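First to last, the sequence lines map onto chains A and B. Position one of the first sequence corresponds to residue 146 (this note's numbering), numbered consecutively onward. Position one of the second sequence corresponds to residue 146 (this note's numbering), numbered consecutively onward. Ideal Cβ placement from N, Cα and C applies to all residues, glycine included. In this text the structure is predicted, and so the values were computed from the model without any measurement. Structure first, then comments.
Protein chains: 2
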Amino acid sequence: MSESSGMTRRALLVGVGAAGGAGAMFAAMGALGLAPESQERAFVPPRPSDFSLSGRAAAKVLVLGAGIAGLTCAYELGKAGYDCTVLEAADRVGGRSLTLRGGDRLTETGGETQTAAFQEGTYFNAGPGRIAPWMVAMDYCRELGVPIETFVNSNASAYVYTRGMTAPVRARTARADLYGYVAELLAKAAGTGALDRRLTKEDGERLAEFLRRFGDLGPDLAYRGSTRRGFETFPGAGDGVPLAAPSSLSDVLAAGTGRAITMDFGYDQATPMFQPVGGMDAIVTALVREVGRDRIRTGTRVTGLRSLADGVEVTHPGGTLRADYCVATLPPHLLARLPHNLGTPVTAALRAPVPVAAGKIGLEYGRRWWEIDDRIYGGITETDLDITHIWYPSHGYHSGSGLIVGYYNTEENAELYGGLSPRDRRARALTQGRKIHGEKYRAELRSSLSIAWQRQPHLEGGWVHWPSYDGGFALLQRPAGRVYFAGDWLTHLVAWQAGAMESARKAVTGLHSRVLKTPS
Amino acid sequence: MSESSGMTRRALLVGVGAAGGAGAMFAAMGALGLAPESQERAFVPPRPSDFSLSGRAAAKVLVLGAGIAGLTCAYELGKAGYDCTVLEAADRVGGRSLTLRGGDRLTETGGETQTAAFQEGTYFNAGPGRIAPWMVAMDYCRELGVPIETFVNSNASAYVYTRGMTAPVRARTARADLYGYVAELLAKAAGTGALDRRLTKEDGERLAEFLRRFGDLGPDLAYRGSTRRGFETFPGAGDGVPLAAPSSLSDVLAAGTGRAITMDFGYDQATPMFQPVGGMDAIVTALVREVGRDRIRTGTRVTGLRSLADGVEVTHPGGTLRADYCVATLPPHLLARLPHNLGTPVTAALRAPVPVAAGKIGLEYGRRWWEIDDRIYGGITETDLDITHIWYPSHGYHSGSGLIVGYYNTEENAELYGGLSPRDRRARALTQGRKIHGEKYRAELRSSLSIAWQRQPHLEGGWVHWPSYDGGFALLQRPAGRVYFAGDWLTHLVAWQAGAMESARKAVTGLHSRVLKTPS
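Right under this line is the structure:
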């Protein structure tokens, strides 16, 4: 690519950034370095004006890995005028942000190759599948023009199934019963005076009013069931037939549904969540478009990395590349194995995080029975089976077919499924799901595809777990010579794309700040 | 319209019904009358085969009102071969299922005419705005091919604002605090032995485990705040800065946020909910298409209704219409004023339900500040101000503009706003919303439009309230001579489109069953 066409592309990108809402916002926030600490809202990405101001030529940067972290680095550096090249070992871009469609092939280390037989319009987010509204991933969707839609993360009509149950219960039912009994118990305890030291008379009255509402208690503050549990027959001309009375307090506690109904309580999974329209890889596609496909070399496995006095040197089977700086975004357990000259403490730090196994199976059906039969539109059924979750799609409602995620599990359960052939994974997933949805779960299956992330080449894990954030975590936040590190693994948002993006912003901010300070 | 073209249209409709999912399902469920009681899933709409079987000619039916109830009656009867005519007093169809777009005009009784200045692509669901997954309205969306999308009814990032507050709190914060303190109080009460008569040792352990999770309690079962409350700075490379510690138990109870955070506990508003893509009136449009626009006479206000031995007679300013049967779907308070020969008990029954005032204002902005500044994507801010709710749109995320519902109130609050001019309603709504969202709420407004349903001609109310379901309610479920009644007001799903649809199905089932039994 000639320099002039590079400039043209760059000028175009700057224009795109300026036209976007986020770009406009960022531009208004002042020069880089004025608001460097707050990662959330105050981040100012490198701007071309910084460069023209100091009259510097663009530095060359090698980015290792074309996952979300690497692409975000290349995107932000590209906006600031850097000359980036992204090296990716796999034949495809995106890393774990992988959306599979009909015809796509998936090969695992030591495993067979699966080919997706999904019909046109069906997709399977094999990696990340949801975005929380506060996450920087939402900002990138806006800035990059990636349309988003609501992802249903919590559904009162979805099921909860624990091993002791003869039949699954709806989340709404499990919730109504637990809340009802909790409210009753507390109201009664308060009534006996057991809490008089904690509550003034006015507090007590307000608490009772809240508990009545919270548990749908009777006037005597007892819980005897509630229409919140659901109906045998919904109201219409008649006033409906509610489900039979709840089990005893003891049975409700023994059913063990508490984990399931508090699943969306954490800040990272609170309702609502979001997804790009048409598949999570829309973010990858948009980043690649902005970075320029010609700047990304897929099928290029890095075999060595050296930081030198005046640059970096990266080797791959086809040769050696040099640049001013490097941002390494590979998983830490793979970086640790890469021959490098960054020092023993860096290697030790890269070895600290432990890869976590994670797996998913996509099950495609020719009929959306979960909507038609079960009235479940999106959301997640929670189980204590080895499948852990069943995800129903939050898009394509009422269409002719659809794909559910038949398991999304981690650690031991993911190891278990990952050790099976795709056929045996499917058989096991169907056996488990059948306990919840009955025979149609098996009988109506059209096609399936499963992934074991720990068996994906160049990734070897779903994400990582830091046994401790002491020491190594902080070390890797800083560059090793001219090599910077980035990835969700280097944040407190592990396993989220937002982590990869936040980390990328931090790395390129540090790099750019250094470049600006370096005398030319 | 000639009989032959009528037959062609009818045959076409039958084909459409058969191709649809619901049609196929219904067809498989057997003949009419085999499953008449269960309104929810077992309903079998009249089928053309019933008619060909008995060899009867189609009866003529006059349907009064082209709202959801009337259109559903005409649709279902049309599928069964009936010759329906729908009389509608207003110049438009849809009744309260009203979606307003740029250029639409809205006139109130005794009020001025507003013209919507919304830009292309903006719509305002001035009537119903959401559908629950179990509702028959979802079946109609499927059967009619109306695309649906998720409606965010509950949003942890939305605000709660009560009059005592100096600043609004996020729903997630209010919830975390109430749940935290409730969990702590109950755990401590259980720890003192106050509940030993209710709980076995095992129950107690399970309860403690649940409460720890439910309230995010510390190891000592105390609540001292939680990341669930939210962050000053979200985690990234750093581990984030959570919001400051919660207020005292007493202050949290005094804040009065309990109503807001239990808003989605009821079966009718549980997460998730849904909306037709592009506006709620997509259902109306689809029903009109299936019924045939030529069968609907708008601008035709009924002035008299008589049930005769061999038919019905309906008068309107332009003349008199005769048919075999009538289904009257006007609001009961309007039907009660209509001259008729249906008897005094019918009039008394129609007078029983009390109209309820309801109002909404659509506020259009040229910038989606609720997303960009507040990170609120869809959902509802709950207040105890006279605006009651603020709805944020669940569609068009990240687009250049959008419309929020600045109030959705009922009864006294709706009377208050309804009594003001549109300009004064807007000023009042902005003053209130500004308490939550600050000056931009007023400064950035582009256009607005408000509706007071009690001042809408031919409706005169948002919905009705039955002081008692005894007597009149049951009487009107039955026909008065050859006149049947239908409407959401005649169900236990008042104010829901699903109520209108369920009631329509019940009415036409009764009518059709009678026609089949009548010797020709």
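What residue 520 of chain B touches in chain A, judged by beta-carbon distance under 7 Å, is 278, 279, going in chain order. By alpha-carbon distance to residue 383 of chain B, the top candidate from A:655, A:374, A:638 is A:638. Chain A places a beta carbon closer than 7 Å to that of residue 543 of chain B, counting this residue as a contact. Residue 553 of chain A has its alpha-carbon roughly 11 Å from the corresponding atom of residue 502 of chain A. For residue 592 of chain B, DSSP records a beta bridge to B:509. A residue is called buried once 16 or more other Cβ atoms fall within 10 Å of its Cβ, and residue 627 of chain A is buried on that count. Here the stretch 601-609 of chain A lies against the stretch 498-512 of chain A, with 3 or more beta-carbon pairs under 8 Å apart. Inclusion of residue 563 of chain B and residue 506 of chain B in the CB contact set at 7 Å is not warranted, their separation being larger than that value. Under the Cβ distance rule, residue 368 of chain A does not count among the residues neighbouring chain B, no pair being separated by less than 7 Å. Residue environment for residue 453 of chain A: exposed (fewer than 16 other C-beta atoms within 10 angstroms of its C-beta). The stretch 477-547 of chain A contains, as complete alpha helix (DSSP H) runs of 4+ residues, the segments 477-480, 489-496, 514-517 (chain order). Contact between the stretch 272-281 of chain A and the stretch 414-426 of chain A is established, with three or more Cβ pairs separated by less than 8 Å. Taking one beta carbon from each stretch, the stretch 319-338 of chain A and the stretch 562-580 of chain A have fewer than 3 pairs nearer than 8 Å; the two do not touch. For a cut-off of 8 Å, the C-beta gap from residue 398 of chain A to residue 357 of chain B is around 13 Å, too long to register as a contact. Closer than 7 Å to the CB of residue 577 of chain A there is not a single CB belonging to chain B.
Against chain A, the CB of residue 403 of chain B has a partner CB under 7 Å away; the residue lies at that interface. In the three-state reduction of the DSSP assignment, residue 343 of chain B falls in the coil class, being assigned neither a helical nor a strand state.
Taken atom to atom, the span from the alpha-carbon of residue 379 of chain A to that of residue 370 of chain A is near 16 Å.
Bridge partners of residue 557 of chain B according to DSSP: none are assigned.
Think of a sphere of 9 Å around the beta carbon of residue 327 of chain A: the chain B residues whose beta carbon falls inside it are 327, 328, 331, 352, 355, 356, 359, in chain order. By the 16-neighbour rule on beta-carbons within 10 angstroms, residue 320 of chain B is buried. Counting other Cβ atoms within 10 Å of its Cβ, residue 312 of chain A stays below 16 and is therefore classed as exposed. Counting C-beta pairs with one atom in each stretch, the stretch 645-664 of chain A and the stretch 399-410 of chain B have fewer than three that are closer than 8 Å, which means they do not touch. About 5 Å separates the Cβ atoms of residue 549 of chain A and residue 508 of chain A, confirming a contact at the 8 Å cut-off.
Cα atoms of residue 644 of chain B and residue 219 of chain B: separation of roughly 16 Å, rounded to the nearest angstrom. In terms of Cα proximity to residue 664 of chain B, the closest of B:529, B:455, B:493, B:541 is B:455. Taking a cut-off of 8 Å on C-beta distances, the stretch 508-517 of chain B does not touch the stretch 281-301 of chain B, as fewer than three cross pairs fall below it. The C-alpha of residue 624 of chain A is placed about 39 Å away from the C-alpha of residue 545 of chain B.
By the CB criterion at 7 Å, residue 254 of chain A and residue 602 of chain A fall inside the cutoff.
Apart from sequence neighbours up to five positions away, the residues of its chain that approach residue 529 of chain A with a beta-carbon distance below 6 Å are 307, 308, ordered along the chain.
Judged by their CB atoms, residue 472 of chain A and residue 631 of chain A are nearer to each other than the 7 Å cut-off.
Contact residues of the stretch 264-297 of chain B toward chain A are 278, 279, 286, 287, 293, 294, 295, 297 (C-beta to C-beta distance below 7 Å).
Counting only the Cα atoms, residue 215 of chain A lies some 16 Å from residue 621 of chain A. Burial state of residue 277 of chain A is buried, judged by a 10 Å Cβ sphere holding 16 or more other Cβ atoms. The Cβ atoms of residue 339 of chain B and residue 339 of chain A lie closer than 7 Å to each other.
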